[in-house]
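What follows is one structure encoded as C-alpha cells, with my remarks underneath.
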Amino acid sequence: MMRHIPNILSSLRLIFLPVFLYFALQGQFLPAGILITIISLTDLLDGYLARRNNWISQVGKVLDPLADKLTQISVIIVFFIHLPQYRWIFWILLGKEAVMLAGAGLLMYLGVKLPGAAMWGKVATALFYVTAVLVLLFPQLPSPLVTTLFIASAVTAVVSVTLYVPQYIRYRRDAGR
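When you line the sequence shown up against numbering that gives the first Met the number 0, it's residues 0 to 176, in that order.
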C-alpha cells in the first residue's frame, strides 16, 4: 500500500485542480494560492517519495506529468485572464507545454517508456510553481518583481523544452529500430 502513496498524491493534485480553478477564476486569490501551494508541495513530495523508496511506476510516470501539465496549463489560463499585460509570456509558457505534451504523447503512442523528468524540467517546474504561489498569495507584489518572475519562468521553460526536444527525437528514432 505504501508504494502507492506517490500516485495517490498525484491523484489528489488532479482533484484539487478544479477547486483551484473555481477560486482563481472568481478572483479569490488567497484560497487559490493556498491550493497551488498544496499542489506544488504534493508534487515535490510524490517525486521525492517515489525516488527515495523506489516506488516509481509506469502509472506514476504518466500520472505525475499529467497532473503537472494540467496544473501548469490551468495556472497559465488563470493568469492569462487576470494578468493580460503578461499574455506574451503566457503564450511562451503554453507553447512549451504544448510541445512537451505532443512529444510525450507521440512517445507513448510509439510504445516508448517515458523517461523521468530531467533536472532542467524540474527547475522550470519549481520556478513556475514558486512564481504562481507568490503572485497568487501576494497580489500586491511590485510589478517589476512580477515581471522578473514571469520572464524567469519563461526563460527556464524555453531552455527546458530546447533541451528536451533532442531527447524526444532520439527516443523516437530509437523506437523505430
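Built from N, CA and C at the ideal position, the CB exists for glycine as well.
Using the C-alpha atoms, what's the distance from residue j back to residue i?
| i | j | result |
| --- | --- | --- |
| P141 | P30 | 21 Å |
| K106 | D173 | According to the sequence shown, residue 106 is Leu rather than Lys. Cα to Cα, the separation comes out at about 11 Å. |
| V164 | P64 | 16 Å |
| I55 | Y170 | 20 Å |
| Q139 | E96 | 28 Å |
| K68 | V61 | 11 Å |
| A117 | Q27 | 34 Å |
| A49 | T70 | 20 Å |
Short of 6 Å in beta carbon distance, which residues of its chain neighbour residue i, apart from the five on each side in sequence? Order them along the chain.
| i | result |
| --- | --- |
| Y85 | F149 |
| L144 | none |
Quick one: grab the DSSP three-state call for residue i.
| i | result |
| --- | --- |
| V111 | coil |
| N6 | helix |
| G26 | coil |
| A117 | coil |
| S56 | coil |
| Q139 | coil |
| M0 | coil |
| L178 | The structure shown has nothing for residue 178, since the chain only spans 0 to 176. |
| L106 | helix |
| L43 | helix |
| L162 | helix |
| L82 | coil |
Among residues of its own chain, excluding the 5 on either side of residue i, which ones have a beta-carbon nearer than 7 Å to its beta-carbon?
| i | result |
| --- | --- |
| L11 | T41 |
| G32 | V132, L135 and L136 |
| V236 | No statement about residue 236 is possible, as the shown extent of the chain runs from 0 to 176 and does not include it. |
Can you list, in chain order, the residues of its chain with a C-beta nearer than 8 Å to that of residue i? Leave out the 5 residues immediately preceding and following it.
| i | result |
| --- | --- |
| I37 | F15 |
| G110 | A174 |
| L24 | V77 and I80 |
For a cutoff of 8 Å on Cβ pairs, would you count residue i as touching chain D?
| i | result |
| --- | --- |
| T41 | No chain D appears in the structure shown, which is made up of a single protein chain. |
request  = Decide yes or no for the touch test of the stretch 112–131 against the stretch 156–164: beta carbon pairs closer than 8 Å, at least 3 of them.
outcome  = yes
query = Can at least three beta-carbon pairs, one atom from the stretch 69–87 and one from the stretch 17–31, be found at a separation below 8 Å?
reply = At 8 Å Cβ cutoff, the stretches touch.
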